[in-house]
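S.K.: Below are the structure tokens for one structure; questions will follow.
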Amino acid sequence: MAWLVEQHLLMSVTAQRRDIHDPEVVLNFAEQVCNQVRLDYLTCLTVADIVATNETLWNSWKRSLIATLYDYAKQQFSQGLQTLLDNQVKAKEHQELALLEIRAKNTALSALQIEKLWQRCPLDYFLRNSPQQISWHTCLLAEFKGDLLVKVSNRFSGGGTEIFVYTQDRPNLFNKVVTTIGAKKLSIHDAQIITAKDGYVLDSFIVTELDGSELPFDRRRMLETALTESLTFELVNKQRLRENINWRIFM
């Protein structure tokens, strides 16, 4: 009981402020907790503490973070505290589960198409996205042929509203997205900034309304439109600048 009182913020701080997909972070957390019984008690205390402090602080995104850290720590205890969790194994598990998701809802997508899409993605992509997110992204990209894709959904992130941005990487892209999100008065809880091997980004942002709730349909569509317009304008300006430079060189 004394240990729980002393460490009552450990899980909350680790889940919200550390990279819980990093095996070293998970191992360090598990070493401080020591065993599965303490982990169970600490999880219950963490949730109760957040809700007791302010009910509005407990939302689907925080629930998702706590659950993910709990699952990783449980895996660490099962494996033992002598070695780090294997990222290759975790990534493979996410791929296999994502493949089942895809097969359940998109039978037209061939194994070759999926493999070609996934070959472009670094290991981090499969670690930092859930199987549901990977499945959603894969189905979107399999049908997409343009230069910019922005999609907003409540269905796949496990908490909060996810913004998925796929476009060619370029300077100030992150700032442009964050500025647009901020202009809509939203809270950003997480950002996964991942660049594929071909130079395109697979960026995901988890956002909520200021009260911690997920975005309703009209707000999601409005945000999708605002981001698409903002990033399209930037693409057009970039293309015009390139054309002007080429014209001057030709002259």
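Counting from 1, position 134 in the sequence shown corresponds to residue 134 in UniProt numbering; the numbering is continuous, with no gaps.
All residues carry an ideal CB built from backbone N, CA and C; glycine is no exception.
1) Is it true that the region 126-139 meets the region 103-118, where meeting means three or more beta-carbon pairs spaced less than 8 Å apart?
2) Taking Ile114 as part of the alpha helix (DSSP H), name the residues at either end of that continuous run.
3) Please confirm if the region 99-110 is in contact with the region 171-183, defined as three or more CB-CB distances below 8 Å between the two stretches.
4) To the nearest angstrom, report how far apart Val13 and Leu27 are at their CA atoms.
5) Taking its Cβ as the centre, do 16 or more other Cβ atoms sit within 10 Å of Thr161, making it buried, or is it exposed?
6) Assign Asp198 to one of three DSSP states: helix, strand, or coil.
7) In the DSSP assignment, find the unbroken alpha helix (DSSP H) run with Leu140 in it and report its ends.
8) How would you write the range of the beta strand (DSSP E) that Glu162 sits in, first residue to last?
9) State the start and end residues of the unbroken beta strand (DSSP E) segment that holds Ala108.
10) Closest by CA to Ser157, which one among Val51, Thr208 and Leu10?
11) So, is Met1 buried or exposed, given that buried needs 16 or more other C-beta atoms within 10 angstroms?
M.R.: With the structure as the only source:
1) yes
2) Ala111 to Gln119
3) no
4) 15 Å
5) With 16 or more other Cβ atoms within 10 Å, it is buried.
6) Reduced to three states, the DSSP call for Asp198 is coil.
7) Pro131 to Ala142
8) Thr161 to Gln168
9) Ala108: not part of any beta strand (DSSP E); DSSP gives it neither H nor E.
10) Thr208
11) exposed
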